[in-house]
Ligand code: PMP
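Residue numbers (our numbering): 89 to 443.
Below, the structure is given as structure tokens:
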């Protein structure tokens with residue numbers, strides 16, 4: 089279906105003149121900087137943080153562009169991918185009028201962000217194998233549906249979503265389709281960034297929070313058409329990525345080998361946990377995972393969760409989430425952490441083994 093960005097863009101955003109920051113006007117490194125009301129003496133810390141960072145993160149995006157094979161001007165960087173989710177809603181969805189479609193069970197922030205922005209939410213549950221019900225999704229679309237969020241590999245189920253199904257939705261929907269690939273590095277599935285050139289209504293999100301081990305720095309990526317990227321850049325807060333984050337990630341990207349080693353180790357540990365779970369009577373079902381966590385079904389999820397907390401082992405109780413009855417989501421830890429978890433589960437009271 090033909091995608092017309094102006095049809096989904098909120099009219100006042102199309103008209104918006106973005107904030108022009110001091111550093112937009114002069115980007116040279118040398119000079120006497122009396123334009124941004126900074127502290128000229130340096131910082132109170134050992135490192136100097138007294139100057140505002142590059143608002144468009146050009147050096148960092150240049151490096152990300154090389155590893156992701158996406159042009160610099162089609163990359164948006166956010167304070168975590170959570171910032172991208174929120175900005176998309178604010179750019180495209182009129183509060184009180186428009187809606188988004190989400191596919192439960194899925195990542196919770198799509199719903200929270202929509203609620204914060206007073207945007208209606210249509211829910212089309214995944215199948216029991218956590219795949220898309222493409223016909224039902226497309227039937228749920230109405231004239232005010234602006235964004236469909238697809239998470240693959242999906243959180244909390246861990247599976248990858250069938251590629252052809254995602255493409256079917258992208259092709260048939262005339263609004264924006266977000267493919268959230270936060271866990272893509274733990275999967276053998278190629279990224280949807282290769283589809284950007286074919287589909288101007290596609291936006292792919294990834295993050296440095298998982299495979300790269302940089303959750304605390306808060307750096308999320310969104311890859312999209314030039315036009316969509318321009319819009320999100322236009323409405324973002326001027327200095328949304330700190331200088332410390334930009335510099336640290338810039339250096340970290342050179343160490344892709346270390347990232348790949350950590351990912352390989354996490355995948356090995358995922359197999360280790362899975363094999364151990366298979367031998368346990370307590371674990372009724374293990375869902376196949378393409379992520380750095382496993383969704384498992386136990387007879388009594390809440391009780392098991394509480395028992396693990398008593399043992400200072402914290403997992404995520406997903407038993408109240410649709411299609412995740414009596415399920416716990418367990419992040420893959422180090423070998424020592426995984427062994428502690430297994431030991432605790434093996435020693436759990438008999439009452440946990442029955443519903
Ligand atoms: N998408 C998914 C599917 C996630 O699970 C998460 C974090 N748990 C995010 C996005 C947010 O990631 P970030 O740390 O980049 O905000």
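Just so you know, even glycine gets a beta-carbon here, dropped at the ideal spot from N, CA and C.
First and last residue of the uninterrupted beta strand (DSSP E) at residue i
i	result
residue 294	290 to 295
residue 381	381 to 385
residue 416	415 to 419
residue 211	208 to 211
residue 190	187 to 190
Whole-Å CB distance - residue i paired with residue j, under 8 angstroms assumed
i	j	result
residue 226	residue 220	The pair is not a contact, with the Cβ atoms about 10 angstroms apart (cut-off 8 angstroms).
residue 158	residue 284	7 angstroms
residue 152	residue 309	7 angstroms
residue 110	residue 90	That pair is no contact at about 41 angstroms.
residue 270	residue 169	6 angstroms
residue 327	residue 140	5 angstroms
residue 289	residue 265	6 angstroms
residue 296	residue 305	7 angstroms
residue 374	residue 384	5 angstroms
Where the alpha helix (DSSP H) containing residue i begins and where it ends
i	result
residue 317	314 to 323
residue 335	331 to 340
residue 173	169 to 180
residue 225	222 to 228
residue 94	93 to 96
residue 426	423 to 434
residue 155	146 to 156
residue 395	389 to 398
residue 249	It is not in any alpha helix (DSSP H) - residue 249 carries neither H nor E in the DSSP assignment.
residue 368	It is not in any alpha helix (DSSP H) - residue 368 carries neither H nor E in the DSSP assignment.
residue 199	197 to 204
Local Cβ density within 10 Å of residue i, reported as buried at 16 or more and exposed below that
i	result
residue 164	buried
residue 233	buried
residue 192	buried
residue 294	buried
residue 119	exposed
residue 146	exposed
residue 314	exposed
Residues sharing a beta bridge with residue i, DSSP
i	result
residue 355	Paired residues: none, contrary to the question.
residue 239	268
residue 164	310
residue 404	417
residue 374	384
residue 233	187
Can at least three beta-carbon pairs, one atom from the segment 265 to 280 and one from the segment 376 to 392, be found at a separation below 8 angstroms? yes
Below 8 angstroms, can you find three or more Cβ-Cβ pairs linking the segment 382 to 393 to the segment 405 to 424? yes
Can at least three beta-carbon pairs, one atom from the segment 186 to 203 and one from the segment 321 to 334, be found at a separation below 8 angstroms? no
Does the segment 297 to 305 come into contact with the segment 173 to 184, if we say contact requires no fewer than three beta-carbon pairs (one atom in each stretch) closer than 8 angstroms? no
Validate contact between the segment 421 to 428 and the segment 352 to 367 using beta carbons, cut 8 angstroms, 3 pairs: yes
Would the segment 125 to 137 count as touching the segment 96 to 106 if we require 3 or more Cβ pairs under 8 angstroms? Look at the beta carbons and you see the segment 125 to 137 not touching the segment 96 to 106: under three pairs across the two are nearer than 8 angstroms.
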